[in-house]
Amino acid sequence: MKAAYLVKYGSADSAFEIREVETPQPQADQILIRVSGFGLNFADVMARLGLYKGAPPIPTVIGYDVVGVVEACGAGVDHVSKGDRVMALTRFGGYAEYAIAEKEVTVKIPDALAPGEAVALATQYCTAYYLACRMANIQEGEKVLIHAAAGGVGTALTQIAIDKKCTVFGTCSSSKKIAYLKGNGVHHPINYLTSDFESSVRSIAGDDGIDVVFDPVGGKSVKKGFRLLGSGGRILTFGASSMNKTKSIFGKIKVLGQFGIYHPVQFLSNSKGMIGVNMLKVAEDRPDKIGGVMREVVQGYHDGILKPHVGGEFHIDQLAEAHQFLQSRKSMGKVVVLW
Ligand SMILES: NC(=O)c1ccc[n+]([C@@H]2O[C@H](COP(=O)([O-])OP(=O)(O)OC[C@H]3O[C@@H](n4cnc5c(N)ncnc54)[C@H](OP(=O)(O)O)[C@@H]3O)[C@@H](O)[C@H]2O)c1
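By the count of my numbering, the sequence shown reaches residue 353 at its end, each step adding exactly one.
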């Protein structure tokens, strides 16, 4: 089979190499999938830049989500069979013609679901659902602030929060994205490049502040978000995209410092909290939890509540372009690469 190997950190142009390798075989509780498309995630960009410490050392095949057809099943798999169309989460190995997925995170999907929509449901919507419904437990009437609201996870978080009847504040970096946010139902879209998001949110939300902040940006964005929380508020920190601006170790240390320093007594006395989420860790330690979320997400799609938006579809020959597109901050919704 062919697989796109990450062979060099840095520019997308020279980072990948298509190699011919042996097709893997499924072990017990695993499924071999003939991949028709795989999703790009911001973590892939961080891995390509050498900034993602959870990624395997190069040369390696990255990739978290695939859509395709079941080719073979290991012992103990009975919910899908050869020929079924599925979406699945992979623990790397997704940028290949065949990928292995654990049975808990492989779900049958209808033929009508486009490849980009399927991989968006697998990663971005599962992440958003886990954040909003499991960890933050957002409630009707709450005010929620979503950063990178035009992105893959941001689009999903917005739809979930609107369904829960929350008031949604969303940030993004261009007027084109502001229009996209409005179309997705964000009540208060904010371009954080033209106005400070903390003052903008405060001027609308008032002294009670915000109930929930979803932050994948990291650094000073977390510190500002924490300041915006009112009583009972919680901030979910689940990424550090701001880290990609800096190459030097000092720059990275600076961003880490900008998150702020917190003490549990501060959480206790102000009745507010901070939750960190790493889906890879949850998938590794508690795949059952992710499996449950995946099934609820597919149900949400069937119910018409979750409507994935595909912001870019590329052919495997355009992998570098696809990576560059996601890194450039121009993408809205999910980016998918097809074989
Ligand atoms: N913890 C987890 O388990 C987990 C799982 C999935 C995703 N994530 C995180 O969630 C975030 C969203 O992931 P995604 O795959 O859906 O990506 P995405 O949101 O579609 O794309 C990333 C977006 O982040 C924003 N951004 C802010 N600062 C940036 C910077 N310095 N450089 C580049 N982009 C920046 C950009 O939007 P604006 O320019 O409009 O701000 C950009 O479009 C990422 O940070 C990712 O690492 C975490």
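Positions of the beta carbon are idealized from the N, C-alpha and C atoms, including for glycine. Model, not experiment: these values are computed from the prediction.
Practice task
Please determine, among V296, K268, R241, the residue with the shortest C-alpha to C-alpha distance to Y276.
Solution key: R241
Handout entry: Span of the alpha helix (DSSP H), counted from its first residue to its last, around Y315
Key = 301-316
Exercise for the section: Indicate, with yes or no, if ligand 1 has a heavy atom lying under 6 Å from the CB of P230. Expected result: yes
Problem - Runs of beta strand (DSSP E) wholly within the segment 115-172 (minimum 3 residues, chain order) - result: 120-122, 157-160
Problem - Cβ contact check for the segment 278-288 and the segment 232-248: 3 or more pairs under 8 Å - result: yes
Handout entry: 8 Å contact criterion, which A164 and L320 should meet: CB distance rounded
Key = With a Cβ gap of about 16 Å, A164 and L320 do not count as contacting.
Practice task
Determine the burial state of Q341: buried for a count of at least 16 other Cβ atoms within 10 Å of its Cβ, exposed for fewer.
Solution key: buried
Practice task
Mark Y23 as exposed unless 16 or more other C-beta atoms lie within 10 angstroms of its C-beta, in which case mark it buried.
Solution key: exposed
Handout entry: Rounded straight-line distance, which links the Cα of S235 to that of C147
Key = Distance between the alpha carbons of C147 and S235 is about 22 Å.
Practice task
Measuring alpha carbon to alpha carbon, tell me which of S187, K157, G253 ends up nearest G220.
Solution key: K157
Handout entry: As assigned by DSSP and simplified to three states, the class of Q41
Key = coil
Practice task
Could you tell me if L135 is buried or exposed, where buried requires 16 or more neighbouring beta carbons within 10 angstroms of its beta carbon?
Solution key: buried
Exercise for the section: Indicate whether P230 and A162 have their beta-carbon atoms separated by less than 7 Å. Expected result: yes
Problem - Three CB pairs or more closer than 8 Å across the segment 42-59 and the segment 126-133 - result: yes
Problem - 4-residue-minimum alpha helix (DSSP H) runs that sit fully inside the segment 217-296, ordered along the chain - result: 234-242, 263-272, 278-284
Exercise for the section: For N198, count neighbouring C-beta atoms within 10 Å of its own C-beta (all shown protein chains included) and say buried if the count is 16 or more, exposed if not. Expected result: buried
Practice task
Would you list the one or two residues that DSSP bridges to V182?
Solution key: V158
Handout entry: Start-to-end residues for the alpha helix (DSSP H) that takes in E335
Key = Per DSSP, E335 belongs to the alpha helix (DSSP H) from 333-341.
Practice task
Please confirm if the segment 288-308 is in contact with the segment 249-261, defined as three or more CB-CB distances below 8 Å between the two stretches.
Solution key: yes
Problem - Limits of the beta strand (DSSP E) - the one that V80 falls within - result: 79-87
Problem - Integer Cβ distance of K122 from D92, believed to fall under 8 Å - result: Not a contact, Cβ separation roughly 12 Å.
Exercise for the section: Return yes when the C-beta of M293 is under 6 Å from any heavy atom of ligand 1, and no when it is not. Expected result: yes
Exercise for the section: Following the continuous beta strand (DSSP E) through D100, name the residue where it begins and the one where it ends. Expected result: With the sequence shown as reference, residue 100 is identified as Val, and Asp is not the correct amino acid for it. 99-103 is the extent of the beta strand (DSSP E) around V100.
Problem - Of the listed residues S187, Y139, K238, nearest to Q173 (C-alpha basis) - result: When each option's Cα is compared against that of Q173, the closest is Y139.
Handout entry: Residue from E118, V269, I224 with nearest C-alpha to R309
Key = Ranking the options by Cα distance to R309, first place goes to E118.
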